[in-house]
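Protein chains in written order, with the working numbering: chain A, 1 to 409; chain B, 1 to 409.
Number of protein chains: 2
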Amino acid sequence: MPAPQIDPPARLLMGPGPVNADPRVLRAMSAQLTGQYDPFMTATMTETQQLYREVFRTENDATVLVDGTSRAGIEAAIVSLVAPGERVLVPRFGRFGHLLVEIAERAGAEVHTIDVPWGQVFAPEQIEAAVREVRPALVAVVHGDTSTTVAQPLADLGPICREYGALLYSDTTASLGGNDFRTDEWGLDAVTAGLQKCLGGPSGSAPITLSPRAVEVVRARSRVEAGLRDPADSDGARGTERIRSNYFDLGMILDYWGPARLNHHTEATTMLYGARECARVLLQEGLDVAVERHRLHGEAMLAGLQGLGLTPFGDLAHRMTNIVAVEIPEGVVGDDVRGELLADYGLEIGTSFGPLHGRVWRIGVMGVNARRDTVLTTLAVLEQVLRRHGVAVPPSGGVDAALASYGSA
Amino acid sequence: MPAPQIDPPARLLMGPGPVNADPRVLRAMSAQLTGQYDPFMTATMTETQQLYREVFRTENDATVLVDGTSRAGIEAAIVSLVAPGERVLVPRFGRFGHLLVEIAERAGAEVHTIDVPWGQVFAPEQIEAAVREVRPALVAVVHGDTSTTVAQPLADLGPICREYGALLYSDTTASLGGNDFRTDEWGLDAVTAGLQKCLGGPSGSAPITLSPRAVEVVRARSRVEAGLRDPADSDGARGTERIRSNYFDLGMILDYWGPARLNHHTEATTMLYGARECARVLLQEGLDVAVERHRLHGEAMLAGLQGLGLTPFGDLAHRMTNIVAVEIPEGVVGDDVRGELLADYGLEIGTSFGPLHGRVWRIGVMGVNARRDTVLTTLAVLEQVLRRHGVAVPPSGGVDAALASYGSA
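Right under this line is the structure:
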């Protein structure tokens, strides 16, 4: 008895992502393949590069996709930009800062960290002081960290890094498309993303952009790499400049996407189609319009959750537009509520990691799910389940507050 | 003016792959997402593991997907199984042997190679002699190398590697599903694949299976890794046991797919759906039936190409079922013929790499394109284009020979 056709249950995904994919993206992904060097294929790659330049707000020629999840994009950026033994500074304000540290350590970097408590962000002076002291080759910082739902302001960091000769890298997987983000204006040298949050696609493709300064670093290491091709010379010891990964060698990936079209991996065509459609529908809506839509519905969700008597977590002044964390009420088992939401209503909300597991729920309002009906439905359903779990929730307190936030109370 | 909807031209992809995706696979990939820890999602992951155990013909518990192209699977296998400074033996008989060398070198391995001319394979004694001399930790060998269209027999290599304490790893991206392959019976410790050849899907997901011996090696290195988490100890120098990649750390990937479900990457859900459907339709047909189908239509294509007066390249006794290489006739510019096939007939055939570029064409008969109508159409069209390029082709020589091969002349 062979397995049946895939038939996922209907879910409304209001967690920290992945969220429901935009149906237009899924339809684009059912388009048939062409050959890897078909003129249509190479034109589609080139077109996708231009779409992501607009999404990243950059003029960077070096704007491509890494074929893997957003974590693949992070590893490609770090392993290509940092030679073993070089210093990396990671200002850490949530779970994904820990991931940057882990990846940089594996790349052989000498990793330095500074920390603020989860839920807060850094003042630029704190980061500047650390850069001055550590003198890193790279500052790697998450933009919006879904684990805490706050976004680190980046606009001041570009000039700081430039002054001290460091490259500035940020991962925007959780924020891009739903929060204001400006690669060139803010002076970023490398930015990575994923499709599964505000971009409304599935995980599996990682858009990335590199400034000319970053490309220079990658190219310098590629030159050394070529010289090391003699097997007698194949030493991987610390201090050499060799890029340690073939798959994540951004020099080779750029040569595959660029005019040289040098064979590297076999481009994941269906993910390319999906990534292209994510950018296309976002730009069709307009970047500023999409950010404002996330802000509007995120605000309504926040107001609604407060209207249900729940307490927001984290620094609200630096809240990401697209996700809200609230404290789990005293005496309630958070995962029981989540289980009931899923089983009885097909509604998913998130838990969190590490110090926040069991302490907060995370409710996402992003991508195609950043809508009025999803916000109101989530609040209506959550009211039912909270009440069943013994929480004294004001009748319609969530929906009324959200409607007031929309100006239609 | 926003970019238009994706709208690929109709192509019949009869090259070395990617080939046309099975429409059932593309449809499965348009299914909506669920959360990463939704019971449906974890059940689908578990089910997909079992489907690939059957495809790989293995009992290995450690059978999962790596989220990336087939090259990602290769890098995950090598970087997880080989510590810096350890010896790797690569018997090299085509382009993808060079890729294994390149990836192993970047992983810091001491790489040893043996070579046969392109188009030939190794006798087991040649490999045994090299294993005896080199005493590698890992023997890494491609199964079917599309660059030369021959497949290395592997059945004798398992016992040889076991005798000398080496792990045996093979990449089957180009062969799996269309050529006989037996992970357990042949004694393989690690096998990787991709979807874009005989499995009839798009590139972007890499099935992988590891024997218990291979898992032990990965786990031993994971234990060291855990102990290295202290930043003061983050040395990546040669000789340490640390797995150099987070994304490709198979220990972490196994913990994500296994009962522990430890968070790692965000599974590429749509690629998972596609990989699952590839295996499902293959097993529904039956593995042996599918291999026989590839053999039947590959034979007919070979006969037809000979009927057009073309000379096959490579050792026919070890030909892969799913691809045929033929020498480009004297005086013909191979890429001009390919260009005309694509422009006038929407038909793609392949060129080759390195020493074979401009010398052979490669014609694939694989996945959903291993059919009678695709074989006959390709031969009919090729006859037209060859004649226009001045080659004296016997009228209907290709189609007649293919029909004879089918027993219906």
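Even for Gly, the Cβ is constructed at its ideal location relative to N, Cα and C.
DSSP lists Arg-362/B as the beta-bridge partner residues of Ala-325/B. Within chain A, the residues placing a beta-carbon under 7 Å from that of Tyr-273/B are Ile-6, ordered along the chain. At a C-beta separation below 8 Å, Ala-21/A has these neighbours in chain B: Gln-32, Leu-33, Thr-270. Neighbourhood of Phe-40/B in chain A, by CB distance below 7 Å: Pro-8, Pro-9, in chain order. With contacts defined as CB atoms closer than 8 Å, Asn-179/A and Val-291/A qualify as a contacting pair.
In the DSSP assignment, the residues bridged to Glu-348/A are Leu-13/A.
Asn-179/A is bridged by DSSP to Leu-176/A. For Tyr-345/B, no CB of chain A lies under 8 Å from its own CB, so it is not counted at the interface with that chain. The Cβ of Gly-15/A sits closer than 8 Å to at least one Cβ of chain B.
A Cβ-Cβ distance of about 12 Å is found for the pair Thr-69/A and Ala-275/A, leaving them out of contact under the 8 Å criterion. Residues of the stretch 95-110 of chain A with a Cβ closer than 8 Å to any Cβ of chain B, in chain order: Leu-99, Val-101, Glu-102, Ile-103, Glu-105, Arg-106, Ala-107, Gly-108, Ala-109, Glu-110. Inter-residue distance for Leu-310/A and Gly-398/A is about 10 Å (C-alpha atoms, whole angstroms). For Pro-202/A, the closest C-alpha among the options Leu-33/B, Arg-135/B, Leu-176/B is that of Leu-33/B. The C-beta of Arg-92/A comes no closer than 8 Å to any C-beta of chain B.
For the C-beta of Arg-57/A, not a single chain B residue is nearer than 9 Å; the gap to the nearest is close to 16 Å. As DSSP reads the structure, Ala-62/B sits in a beta bridge with Leu-210/B. Leu-168/B carries a strand assignment under DSSP once its states are collapsed to helix, strand and coil. Sequence-distant partners of Arg-24/B (beyond 5 residues in either direction) whose C-beta falls short of 8 Å from its own C-beta, in its chain, are Glu-277, Val-281. Secondary structure in the stretch 368-401 of chain B: the alpha helix (DSSP H) runs of 4 residues or longer, each lying completely within the stretch, are 372-388 in chain order. Pro-91/A: member of the beta strand (DSSP E) spanning 87-92, first to last residue. According to the DSSP assignment, Glu-102/A belongs to the alpha helix (DSSP H) that extends over 95-106. In summary, Gly-15/B is buried, with 16 or more beta-carbon neighbours lying within 10 Å of its beta-carbon over all protein chains present.
Here the C-alpha atom of Glu-125/A lies approximately 10 Å from the C-alpha atom of Arg-132/A. Pairing Leu-296/B with Gly-354/A, the inter-Cα distance amounts to about 56 Å. Residues of chain B with a Cβ closer than 9 Å to the Cβ of Ala-130/A do not exist, since the nearest Cβ in that chain sits about 14 Å away.
Around the beta carbon of Asp-336/B, fewer than 16 other beta carbons sit within 10 angstroms, so the residue counts as exposed. DSSP places Val-191/B inside the beta strand (DSSP E), whose first and last residues are 190-192. Val-191/A is the residue among Val-191/A, Cys-198/A, Trp-361/A whose C-alpha sits nearest the C-alpha of Thr-58/A.
The continuous beta strand (DSSP E) containing Ile-114/B extends over residues 110-115. The CB of His-143/A never comes closer than 9 Å to any CB in chain B; the least such distance is about 17 Å.
When the Cα atoms are used, Asn-20/A and Val-150/A turn out to be separated by approximately 22 Å. Each residue's CA atom was taken as its position, placing Met-301/A and Leu-89/A some 35 Å apart. Comparing C-alpha distances from Glu-75/B to each of Ala-62/A, Leu-176/A, Arg-244/A shows the shortest one belongs to Arg-244/A.
For Val-131/A, the enclosing alpha helix (DSSP H) starts and ends at 124-134. Taking a C-beta distance under 8 Å as the contact criterion, Gly-200/B and Asp-22/B qualify as a contact pair. Scanning its chain for C-beta atoms nearer than 6 Å, with the 5 sequence neighbours on each side dropped, one finds around Thr-269/B the residues Leu-33, in chain order.
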